[in-house]
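Asks: Below is a structure I'd like to ask you about.
Number of protein chains: 2
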Amino acid sequence: MISQTAEYALRAMVFLAMQKSAATGQAIAETTKVPPGYLSKIMQQLVKRKLVNSQRGIGGGFVLAREPKDISILDVVNAVDPIDKITTCPLDIKSHGLNLCPLHKRLSAAIAQVEKAFAESNLGELVEESQSPLCTSVPLTPNQSFCQ
Amino acid sequence: MISQTAEYALRAMVFLAMQKSAATGQAIAETTKVPPGYLSKIMQQLVKRKLVNSQRGIGGGFVLAREPKDISILDVVNAVDPIDKITTCPLDIKSHGLNLCPLHKRLSAAIAQVEKAFAESNLGELVEESQSPLCTSVPLTPNQSFCQ
DNA sequence: CATCAAATATACCTTTATGTCCATAATAGC
DNA sequence: GCTATTATGGACATAAAGGTATATTTGATG
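Protein chains in written order, with the working numbering: chain A, 49 to 196; chain B, 49 to 196.
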């Protein structure tokens, strides 16, 4: 239901939210266990969507463009793998304008629920909770487990 | 978020729920606007999962194996495209047994929400509602709109 | 039993998602 | 300006989803 790409993007963003300074692509990839080459593509999308700022050269890397509290899970998911809402019946768009049949009303409602849940959760929240027993505290060395 | 395959399967199942006698694959495909060849594969999965009974030969076709009221949207989705729940953290399974990090708790909760919504809606419900202005009444000829 | 209409099974093709690799461009420090 | 380090961009490879085509099997009926 959540694409691999979105999952990777979320891991990277949570990691960045735990960081105080810029993190290189390699560092993110190692800690979050995302294939480095693929991660770099995902990071590019996050930069384009202005969720992350990038800096080349020594001391460079990636930094969140906004406060963790101001970035929702939905922001991240939409940046890399837009959730497509059902706004018109896929079967016969012309005949009924914006009305949906009962089936697609249900599907649409389920999607809306997910969007709401994702919109209500932000990176700041996730990082705060990770100081609880479930997750290790920041910052992590590459050898440590990011999610435990 | 909902795969094309699941969408097709749901259309076919709703169509069957509207039917009084067996419907051929071709009839289902035409009305639900699903590629016929692909639909036949999906129907096979629904038969294997015992949601549908099939009958070859003249007068044959597909029939729901249970009352529409006893088939949920979740039943159909799971038959063709199982929703995989997140039960262990994808990052480091060994280290923490069944505990999830905050991120994966959120994702898991969202999936659970969808499952609940899908489990609570059944085909009988959808068909009853379709007698309302939003959908045409049963049965349909292939030329009529299935979802309007 | 012959025939026709249906599902079933299999092979194959196309598109999209995921993943890899390498050349290039920018930036900091010397 | 040179070099090391970093992101960027594009080409390519692989895997999975979606889709097509066709031969085979099954069942009903005359």
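Glycine included, each C-beta is placed from N, C-alpha and C at the ideal position. Please read all numbers here as calculations on a predicted model, not as lab measurements.
#1: Along chain B, in chain order, which residues have C-beta atoms closer than 8 Å to that of F166/A?
#2: Taking 8 Å as the CB-CB limit, is L151/B close to chain A?
#3: I need the straight-line Cα distance from I130/A to E173/A, nearest angstrom please.
#4: Determine the extent of the beta strand (DSSP E) in which S102/A is found, giving its start and end residues.
#5: Between L146/A and chain B, is there a C-beta pair that is closer than 8 Å?
#6: Where does V95/B fall in DSSP's three states?
#7: With a cut-off of 8 Å, do at least 3 Cβ pairs link the region 112-128 of chain A to the region 109-125 of chain B?
#8: Kindly indicate the opening and closing residues of the beta strand (DSSP E) around G109/B.
#9: Write down the C-beta distance between S169/B and R154/A rounded to the nearest angstrom, noting that I regard them as a contact closer than 8 Å.
#10: What does S120/A pair with, by DSSP beta-bridge criteria?
#11: Hey, out of T135/B, L171/B, A54/B, whose CA is closest to A160/B's CA?
#12: Specify the secondary structure class of A71/B as computed by DSSP and reduced to three states.
#13: Quick one: which chain A residues come within Cβ less than 9 Å of P138/B?
#14: So, for T72/B: in the same chain, excluding its five sequence neighbours on each side, which residues have a beta-carbon less than 8 Å away from its beta-carbon?
#15: Throw me the rounded Cβ distance for the I76/B and L87/B pair, which I believe falls under 8 Å.
#16: Whose CA, out of Q92/B, P138/B, K133/B, lies closest to the CA of M49/A?
#17: Hey, could you find the ends of the alpha helix (DSSP H) L139/B is sitting in?
#18: Taking only beta-carbon atoms, is L131/A less than 8 Å away from chain B?
#19: Beta-carbon of M91/A versus every beta-carbon of chain B: anything under 8 Å?
#20: From this set, A70/A, A157/A, A60/A, which residue's C-alpha is nearest R104/A's C-alpha?
Replies: By the coordinates alone:
#1: Counting from one through the first sequence, the residue named residue 166/A turns up at place 118. Those within 8 Å of F166/A in chain B are R154, A158.
#2: Translated into the one-based positions of the second sequence, residue 151/B becomes position 103. By this cut-off, L151/B is an interface position.
#3: As a first step, residue 130/A must be located in the first sequence, where it is residue number 82. As a first step, residue 173/A must be located in the first sequence, where it is residue number 125. The residue you asked about is not Ile; residue 130/A is Pro in the sequence shown. When rounded, the distance between both Cα atoms is 22 Å.
#4: Position 54 of the first sequence, counted from the start, is the residue given in the question as residue 102/A. Taken as a continuous stretch (DSSP letters only), the beta strand (DSSP E) holding S102/A covers 100-103.
#5: Along the first sequence, one-based indexing puts residue 146/A at 98. In this prediction, L146/A scores a pLDDT of 45, lower than 50, which makes its location untrustworthy; the coordinate-derived value is nonetheless stated afterwards. It does not; no Cβ of chain B falls within 8 Å.
#6: The residue given as residue 95/B occupies position 47 in the second sequence. Of the three classes helix, strand and coil, the one that applies to V95/B here is helix, per DSSP.
#7: In short, these stretches do not touch, since the Cβ pair count stays below three.
#8: For the purposes of this step, residue 109/B is taken as the residue at position 61 of the second sequence. Here the beta strand (DSSP E) through G109/B covers 109-112.
#9: Here residue 169/B corresponds to residue number 121 of the second sequence, with the count starting at 1. Here residue 154/A corresponds to residue number 106 of the first sequence, with the count starting at 1. Indeed, because the Cβ distance is near 5 Å, the residues count as touching under 8 Å.
#10: Start at 1 with the first residue of the first sequence, and residue 120/A comes out as number 72. Its beta-bridge partners are N170/A.
#11: For the purposes of this step, residue 160/B is taken as residue 112 along the second sequence, with counting starting at 1. The candidate whose alpha carbon is nearest that of A160/B is T135/B.
#12: Stepping through the second sequence from its first residue, residue 71/B is reached at position 23. A71/B: strand per DSSP, three-state reduction.
#13: Translated into the one-based positions of the second sequence, residue 138/B becomes position 90. Correct list: E55, R59, K81, C195.
#14: If you number the second sequence from 1, residue 72/B lands on position 24. Within the same chain, T72/B has close Cβ partners G108, G109, F110.
#15: Within the second sequence, the letter at position 28 stands for residue 76/B. Within the second sequence, the letter at position 39 stands for residue 87/B. Here I76/B really is in contact with L87/B; their C-beta atoms are around 6 Å apart, less than 8 Å.
#16: Here residue 49/A refers to the residue found at position 1 when the first sequence is read from its first residue. Among Q92/B, P138/B, K133/B, the Cα nearest to that of M49/A belongs to K133/B.
#17: Counting from one through the second sequence, the residue named residue 139/B turns up at place 91. Note, L139/B: premise wrong, no alpha helix (DSSP H); not H, not E.
#18: The residue given as residue 131/A occupies position 83 in the first sequence. Reading the sequence as shown, one finds Ile at residue 131/A and not Leu. By this cut-off, I131/A is an interface position.
#19: Within the first sequence, the letter at position 43 stands for residue 91/A. Closer than 8 Å: no.
#20: Walking along the first sequence from the start, residue 104/A turns up at place 56. For the residues A70/A, A157/A, A60/A, the minimum Cα distance to R104/A belongs to A70/A.
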